[in-house]
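First comes the structure, then the notes that go with it.
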Amino acid sequence: MDYASMLTELLKGLLVSVEIFFLTLLFALPLGLLIAFGRMSKNCIVSNIFRVYISIMRGTPLMLQLLVCFFGPYYLFRIPLTDPYRFIAVIIAFSLNYAAYFAEIYRSGIQSIPVGQYEAAGVLGLTPLQTFFRIIFPQVAKRVIPPVTNEVITLVKDTSLAFSIAVMEMFTMAKQIASAHTTMIPFVAAGAFYYIFNFLVAFCMERLEKRLDYYR
Amino acid sequence: MWKKMLSIAVCAFLVCVFTGCSEDKGGKKFTVGFDSSFPPYGYVEKGEFKGFDLDLAREVAKRNSWEIVLRPINWDAKDMELNSGSIDCIWNGFTINGRENSYEWSEPYVDNSQVVLVKKSSGIKNLAGLKGKVVAVQTDTPVQKALSAKGSKEALGKTFKKLIVTPNYNNAVMELEAGSVDAVAMDIGVAQMKAKENKAFVILPETVITEKYGIGFKKGNTALRDAVQNTLKEMVADGTAAKISAKYFDGRNVLIIKGAVKKAPAVAVKAVAPVTNAMKKAQQAAEKAAGK
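Heads up: the sequence lines are chains A and B, in that order.
Its first residue numbered 254, the first sequence is counted upward by one per residue in the numbering used here.
Its first residue numbered 996, the second sequence is counted upward by one per residue in the numbering used here.
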């Protein structure tokens, strides 16, 4: 096998991995905030529902969640599946799973802000919504960047789980080429791609952290 | 209290690890690599490995007084497993066609064509009916290769709307049942078993490709290949293999390898130590001359 065609195969797979990556972040980052609010709710029924949700999402393997998301509608509810649903199921499973992790990170960030700030905002006549978005969130955002970066990097590597429901992402391509030609080179190349991808992610997050370096 | 429990747990773990090591009895081990989700050739039932190929392998090991180790492998990594020596052979519905030069092969022992499994309700009657349909195949199988670009059945593959590659057969069949794919191209043995289990499935009469199964050994390992193959032939000759086949294929004998009666055991030759090769030849010639 010539290297050019091997690389094009891998890049095709990389494109799928990148799609999974960005779509998951797009849905999981905001969803995580909603779950964090649910988890911190003063209503104990609501907060317990979200507590259980986070517990299940963190306590079961992502691969299992992928299989349930894809096959669940048919085997539980007898809704016939279609082929395009495959990719949608990947995004749903990844988003639901990662949102649970992000929620706990946000919660730690939000709860680290001293009560005095809420009181001060209240004295100044800000509504609770204004208090959150003008005062609390800008401080939370900069505090949660390092743990969020951790999760985001894990997400890059977790995209390889998508093959459990037959979505051909980069690592699957690498495995196929490796088994067809009995060579380790595709693994090395895939490893390099993952590393570069994560290097860029870490770099961007670092830049973002610097940008958010206000209140100094 | 917790410390005590922890130390007990650690001790238990260490005991397991060390007893696991001491199980090595020094006898020859015969490690068979297989895909544990490939019924009826190799699969898990009630927590045990079962299957046509695994029963054959067990019998071969028993007759050679080898200790058998059944090692389920990641099908994508089978070459690395074999070449690194972590398994002795791949024996699990392993297709020779298209891989002739990659392994030290036994003689073909099963004829296995690739067929297409569809839902009865789909109305698909032949391969031409697959035009514009979504078809699933298992990853790294000959039928995947045949239907993909540069494969022998590329023209047929191009008529499909999409070729979905699944990690294993079970997922492909689940997808067929759930409706996310319209057809599954798979081995006839597995297809027949699935069609028997689920009356909603039907096998198309045309085959996609015809192929044969063999046992794959590492290139150059002819000694082990010959030993296994000879034992397998004996099993065919004395009917044991047919019995195993009947158990997994509704009484059918799927074996195509010819039986051979056991040769004079090697031990007997050794016992008459002074007999040299030349003397043996002379003796055989004499026997022939005597019309034996």
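For each residue, glycine too, the CB sits at the ideal point set by N, CA and C.
Best match in the options for proximity to residue i [C-alpha to C-alpha]
| i | options | result |
| --- | --- | --- |
| S1097 of chain B | B:N1078, B:K1194, B:M1230 | B:N1078 |
| T1161 of chain B | B:M1181, B:A1150, B:I1091 | B:M1181 |
| L282 of chain A | A:V401, A:Y256, A:V454 | A:V401 |
| G1254 of chain B | B:T1235, B:G1246, B:F1244, B:R1247 | B:T1235 |
| L319 of chain A | A:R292, A:R331, A:E262, A:S413 | A:S413 |
| Q1224 of chain B | B:N1069, B:P1103, B:L1171 | B:P1103 |
| F340 of chain A | A:E262, A:I332, A:F323, A:Y328 | A:F323 |
| R1094 of chain B | B:K1024, B:D1135, B:E1149, B:A1178 | B:D1135 |
| G1152 of chain B | B:M1169, B:S1175, B:V1168, B:K1126 | B:K1126 |
| M259 of chain A | A:I388, A:T425, A:F385, A:Y328 | A:T425 |
| E357 of chain A | A:A431, A:F280, A:E262, A:G291 | A:G291 |
| Q1133 of chain B | B:G1118, B:P1034, B:V1064, B:V1179 | B:V1179 |
| T1174 of chain B | A:Y328, A:N301, A:V299 | The question names Thr, yet the displayed sequence has Gly at residue 1174 of chain B. When each option's Cα is compared against that of G1174 of chain B, the closest is A:Y328. |
| E1201 of chain B | B:Y1243, B:Y1208, B:K1120 | B:K1120 |
| V271 of chain A | A:Y468, A:M310, A:V454 | A:V454 |
| V1168 of chain B | B:K1156, B:A1150, B:A1056, B:K1189 | B:K1189 |
| S1101 of chain B | B:V1197, B:R1247, B:G1211, B:K1073 | B:G1211 |
| T1217 of chain B | B:G1037, B:I1068, B:E1099, B:S1081 | B:E1099 |
| V1111 of chain B | B:K1214, B:K1057, B:L1171, B:D1050 | B:L1171 |
| G1215 of chain B | B:D1083, B:P1067, B:G1042 | B:D1083 |
| S280 of chain A | A:F416, A:V343, A:F385 | Here the sequence assigns Phe to residue 280 of chain A, which means Ser is not the residue at that position. Looking at the Cα atoms, A:V343 is the closest of the given residues. |
| G1028 of chain B | B:K1115, B:A1222, B:A1195, B:D1074 | B:D1074 |
| Y354 of chain A | A:P439, A:F416, A:T407 | A:T407 |
| K1140 of chain B | B:F1044, B:T1090, B:P1067, B:N1193 | B:T1090 |
| K1057 of chain B | B:R1247, B:A1222, B:D1245 | B:A1222 |
Through-space distance from residue j to residue i, alpha-carbon basis
| i | j | result |
| --- | --- | --- |
| D1048 of chain B | N1166 of chain B | 22 Å |
| N403 of chain A | V397 of chain A | 10 Å |
| G1088 of chain B | Q1109 of chain B | 12 Å |
| G1046 of chain B | R1053 of chain B | 10 Å |
| A1232 of chain B | I1183 of chain B | 25 Å |
| Q429 of chain A | T1026 of chain B | 24 Å |
| I449 of chain A | W1086 of chain B | 39 Å |
| F456 of chain A | G375 of chain A | 38 Å |
| E1229 of chain B | R1220 of chain B | 14 Å |
| T1014 of chain B | E1062 of chain B | In this predicted model, T1014 of chain B has a pLDDT of only 47, less than 50, meaning its place in the structure is not dependable enough to derive any value. |
| F275 of chain A | D466 of chain A | 25 Å |
| V1249 of chain B | K410 of chain A | 44 Å |
| V1270 of chain B | E1206 of chain B | For V1270 of chain B, the predicted model reports a pLDDT of 45, less than 50, meaning its position is unreliable; a value from the coordinates is still stated below. Approximately 45 Å, taken between the alpha carbons. |
| P1035 of chain B | K1238 of chain B | 15 Å |
| Q370 of chain A | R311 of chain A | 32 Å |
| V405 of chain A | F452 of chain A | 11 Å |
| I288 of chain A | S1081 of chain B | 47 Å |
| T277 of chain A | Y1243 of chain B | 45 Å |
| Y1208 of chain B | D1106 of chain B | 6 Å |
| C1016 of chain B | P367 of chain A | With a pLDDT of 44 at C1016 of chain B, under the threshold of 50, the modelled position of that residue is not reliable, and the figure given next carries that caveat. Distance between the alpha carbons of C1016 of chain B and P367 of chain A: 56 Å. |
| V420 of chain A | K295 of chain A | 41 Å |
| N1092 of chain B | L1199 of chain B | 22 Å |
| A1266 of chain B | S1060 of chain B | Any reading at A1266 of chain B must be qualified, since the residue scores a pLDDT of 42, below 50, and its modelled position is unreliable; the value itself is stated next. Going from the Cα of A1266 of chain B to the Cα of S1060 of chain B covers about 20 Å. |
| T380 of chain A | S300 of chain A | 23 Å |
| V321 of chain A | K1023 of chain B | 43 Å |
| M458 of chain A | G378 of chain A | 34 Å |
| I1252 of chain B | I273 of chain A | 48 Å |
| E987 of chain B | M293 of chain A | Residue 987 of chain B falls outside the range modelled here, since chain B spans only 996 to 1287, and no answer is possible. |
Nearest-angstrom Cβ-Cβ length linking residue i and residue j, presumed shorter than 8 Å
| i | j | result |
| --- | --- | --- |
| L1122 of chain B | S1143 of chain B | With a Cβ gap of about 16 Å, L1122 of chain B and S1143 of chain B do not count as contacting. |
| L263 of chain A | A427 of chain A | 6 Å |
| V1130 of chain B | D1177 of chain B | 7 Å |
| S423 of chain A | A431 of chain A | It should be pointed out that residue 423 of chain A corresponds to Met in this sequence rather than to Ser. Incorrect: roughly 12 Å between the Cβ atoms, too far for contact. |
| T1226 of chain B | V1064 of chain B | At roughly 17 Å, the Cβ-Cβ gap does not stay under 8 Å, so T1226 of chain B and V1064 of chain B are not in contact. |
| K1145 of chain B | V1203 of chain B | Actually they are not in contact, since the Cβ atoms of K1145 of chain B and V1203 of chain B sit about 16 Å apart, beyond 8 Å. |
| L1115 of chain B | A1241 of chain B | It should be noted that the sequence gives Lys, not Leu, for residue 1115 of chain B. Their Cβ separation, rounded to whole angstroms, is 28 Å, which puts K1115 of chain B and A1241 of chain B out of contact at 8 Å. |
| Y1164 of chain B | S1031 of chain B | At roughly 12 Å, the Cβ-Cβ gap does not stay under 8 Å, so Y1164 of chain B and S1031 of chain B are not in contact. |
| K1156 of chain B | K1191 of chain B | Not confirmed; about 28 Å, so no contact. |
**Item:** Interface positions of the region 327-345 of chain A facing chain B (Cβ-Cβ less than 8 Å), listed along the chain
**Value:** Y327, Y328, P333, L334, T335, D336, Y338, R339
**Request:** Check distances from the C-beta atoms of the region 1126-1145 of chain B to those of chain A and list, in chain order, the residues that come in under 7 Å.
**Result:** V1129, T1134, D1135
**At least 3 beta-carbon pairs within less than 8 Å: the region 338-350 of chain A vs the region 280-294 of chain A** = yes
**Prompt:** Would you say the region 302-322 of chain A touches the region 446-466 of chain A, given that touching needs at least three Cβ pairs under 8 Å?
**Reply:** no
**Prompt:** Three or more beta-carbon pairs under 8 Å between the region 362-373 of chain A and the region 388-396 of chain A, yes or no?
**Reply:** yes
**Asked** Taking contact to mean at least 3 C-beta pairs separated by less than 8 Å, is the region 435-447 of chain A in contact with the region 259-269 of chain A?
**Response** yes
**Asked** Which residues, in chain order, does the region 417-434 of chain A contribute to contact with chain B at a C-beta distance below 8 Å?
**Response** S417, I418, A419, M421, T425, K428, Q429, A431, S432, A433
**Asked** Going along the chain, which residues of the region 1241-1258 of chain B sit with their C-beta nearer than 9 Å to a C-beta in chain A?
**Response** none
**Proximal residues, the region 1054-1080 of chain B versus chain A, C-beta separation under 9 Å** = N1069, W1070, D1071, A1072, K1073, D1074, M1075, N1078
**Message:** Residues of the region 304-326 of chain A in Cβ contact with chain B at a cutoff of 9 Å, in chain order, please.
**Reply:** L320, F323, F324, P326
**Message:** Counting only Cβ-Cβ distances shorter than 9 Å, please list the residues of the region 1164-1175 of chain B near chain A, keeping chain order.
**Reply:** N1166, A1167, M1169, E1170, E1172, A1173, G1174, S1175
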